Amino acid sequence: GAVVSQHPSWVICKSGTSVKIECRSLDFQATTMFWYRQFPKQSLMLMATSNEGSKATYEQGVEKDKFLINHASLTLSTLTVTSAHPEDSSFYICSARAEDYSYNEQFFGPGTRLTVL
Amino acid sequence: RKEVEQDPGPFNVPEGATVAFNCTYSNSASQSFFWYRQDCRKEPKLLMSVYSSGNEDGRFTAQLNRASQYISLLIRDSKLSDSATYLCVVSGTGSARQLTFGSGTQLTVLP
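Protein chains in written order, with this note's numbering: chain A, 1 to 117; chain B, 118 to 228.
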């Protein structure tokens, strides 16, 4: 199957720091990538849909100025958490849709665990 | 009302048991349906797609009832390795075909 990587796998930072998370599709091109957030004991919540070469579409309640998304190529999308605060501590997961695979299947990265002190 | 609702469990069953999970979704225009499994502190992995005619993959059987907006997953002959959280997932109607996840049902298979 298609492989998606994320980097870093975990990060601990001080409050006020900006953190950048990379999501890469390793063996396929992804015109669409998705960013999710998962708090403990809760399900994945879609934050935004990232389209290569255009602005991301954010879900209601997600601050676009705080969570900056860049999808500059068909294999890379980045999420930057600007001025992170403890309430931003969460498990951030990206996924990518491979158009050559089944119509709706998304392949998930291994996630990035962010802890803001 | 949540878009995708699941019984959170936990379900604790002995090895070899048969266990069933249920899920309901609110958007009647939803197009595609899936079961994912998520192990602790890991990303979700696709277990199987769910088709209107019902489908089976080894010990796993999935059913979809569009009229009732209900999805089920049956696991037969449970193994210890089946212990995980099972997520009911529905694909939206938007052009991006976003996925909406249920909150998951936790399963623990006991020796």
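For each residue, glycine too, the CB sits at the ideal point set by N, CA and C. This one's a predicted model, so the numbers in the text were calculated from it and none came from an experiment.
Against chain B, the CB of residue 42 of chain A has a partner CB under 8 Å away; the residue lies at that interface. Restricted to the region 136 to 207 of chain B, not a single alpha helix (DSSP H) segment is unbroken, complete and at least 4 residues in length. By the Cβ criterion, the region 122 to 141 of chain B is not in contact with the region 58 to 73 of chain A, since fewer than three pairs of Cβ atoms, one from each stretch, lie closer than 8 Å. About 21 Å separates the CB atoms of residue 23 of chain A and residue 83 of chain A; that is not less than 8 Å, and the two are not in contact. According to the DSSP secondary-structure assignment, residue 5 of chain A is paired through a beta bridge with A:24.
Rounded to the nearest angstrom, the gap between the Cα atoms of residue 189 of chain B and residue 148 of chain B is 16 Å. When secondary structure is reduced to three states using DSSP, residue 122 of chain B falls in the strand class.
Taken through DSSP and simplified to helix, strand or coil, residue 131 of chain B comes out as strand.
As a beta-bridge residue in DSSP terms, residue 217 of chain B pairs with B:207.
Contact between residue 175 of chain B and residue 43 of chain A is ruled out by a C-beta separation of about 25 Å, above the 8 Å threshold. Around the beta carbon of residue 98 of chain A, 16 or more other beta carbons lie within 10 angstroms, which makes this residue buried. Residues of chain A with a Cβ closer than 7 Å to the Cβ of residue 169 of chain B do not exist, since the nearest Cβ in that chain sits about 15 Å away. Among the CB atoms of chain A, one or more fall inside 8 Å of the CB of residue 218 of chain B. In the DSSP assignment, residue 77 of chain A forms a beta bridge with A:23. Comparing C-alpha distances from residue 20 of chain A to each of A:8, A:29 and A:14 shows the shortest one belongs to A:8.
Proximity of residue 105 of chain A to chain B, defined by a Cβ-Cβ separation below 8 Å, is satisfied.
Cβ atoms of residue 160 of chain B and residue 108 of chain A come within 8 Å of each other, at about 4 Å.
In terms of CA proximity to residue 136 of chain B, B:195 leads the group B:163, B:205, B:195 and B:201. Around the beta carbon of residue 37 of chain A, a 10 Å sphere encloses 16 or more other beta carbons of the protein chains shown; the residue is thus reported as buried.
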